[in-house]
C-alpha cells in the first residue's frame, strides 16, 4: 500500500514543474517518480470517470492517500496537475507506422486508434468543454492529444506524395486527420459505441482511401 506523504514536509516550490525539470521537482518535494506516476494515473482516471469540473485536489489526495499540501507544493492548482499528467502519460498512437504505402499506413493508423479509443475518447470528451474556457488547458490538450496525431498523419501523407501515390496538393489531404480523429470523437455520440479497430478499418477503406483516390492494399 502506498505510504502517506508527510504534511509537515515543507520543501519544494509552489510552482508547477516544467517537463524538463520534472525529475528535479520530484526530488525537491520528496515524491518518487513511481509515486508521481501514481498521481498522474489517478488524476486522469478521475477526469475520465467524473469530468474535469468535478476534479478536486482534495479528492485526489484522498484517493492516493497523501496530504493536500503535498499536491499543492508540486502543482499549484488542478489545471497544472492535469497538464502535467497529460504531458507525462500521453502516447502518440501513430508513431512508427510505416508500411511502405499510404493506404497501408492509414489502415494501420485506424487500427492503432481503435486500440485505445475508449480511454482516449473519454478523456478528450471530459476535457474539451473545460478547455473552451481555460486557455492553458486548451493549449496542453492540443499539444499532447491532438497536434502529435495530426503531425503523424500528415507525415504519412507526405511520404505518400513523395512516392507518387497522391499529388502533393491533393485537395482531400488536409482533411484526412480531421476524418480519422473526428470519427473517434463522434461515434459515441451518434451510436453510443466507441470507434474500435474494426470500425475504423471500414471507415478508412470506404471513406478516407476513396477520397484520396486509393484502394486498400491486397491482403
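In this note's numbering, the protein residues as written are 3 to 221.
Just so it is clear, CB atoms sit at the ideal spot from N, CA and C, and this is done for glycine as well.
Measure from the alpha carbon of residue 198 to the alpha carbon of each residue in 170, 123, 42 and 162, then state which is nearest. 123
Taking the alpha helix (DSSP H) that residue 103 falls in, what are its first and last residues? Careful: residue 103 lies outside any alpha helix (DSSP H) and carries neither H nor E.
What do you reckon, are the CB atoms on residue 40 and residue 81 nearer than 9 Å? no
Find the nearest neighbour of residue 141 within the set 85, 65 and 180, judged by alpha-carbon distance. 85
Restricting to Cα atoms, I'd like to know which of 158, 183, 129 and 168 is closest to residue 216. 168
Going by DSSP, what residue range makes up the alpha helix (DSSP H) through residue 1? The first residue shown for the chain is 3 and the last is 221, placing residue 1 beyond what the model contains.
Using C-beta distances below 7 Å, list every residue in its chain close to residue 110, excluding the 5 sequence neighbours before and after it, in chain order. Sequence-distant Cβ neighbours of residue 110 in its own chain, meaning closer than 7 Å and more than five residues away, are 99 and 101.
Distance, residue 34 Cα to residue 76 Cα: In a straight line, the C-alpha of residue 76 is about 12 Å away from that of residue 34.
Which residue from 171, 208 and 152 puts its Cα closest to that of residue 95? 152
Reducing DSSP to helix, strand and coil, say where residue 95 ends up. Residue 95 falls in the coil class under three-state DSSP.
Using only the alpha-carbon positions, how far apart do residue 212 and residue 104 sit? Each residue's Cα considered, the two are about 12 Å apart.
Rounded to the nearest angstrom, what separates residue 97 and residue 118 at their Cα positions? 14 Å
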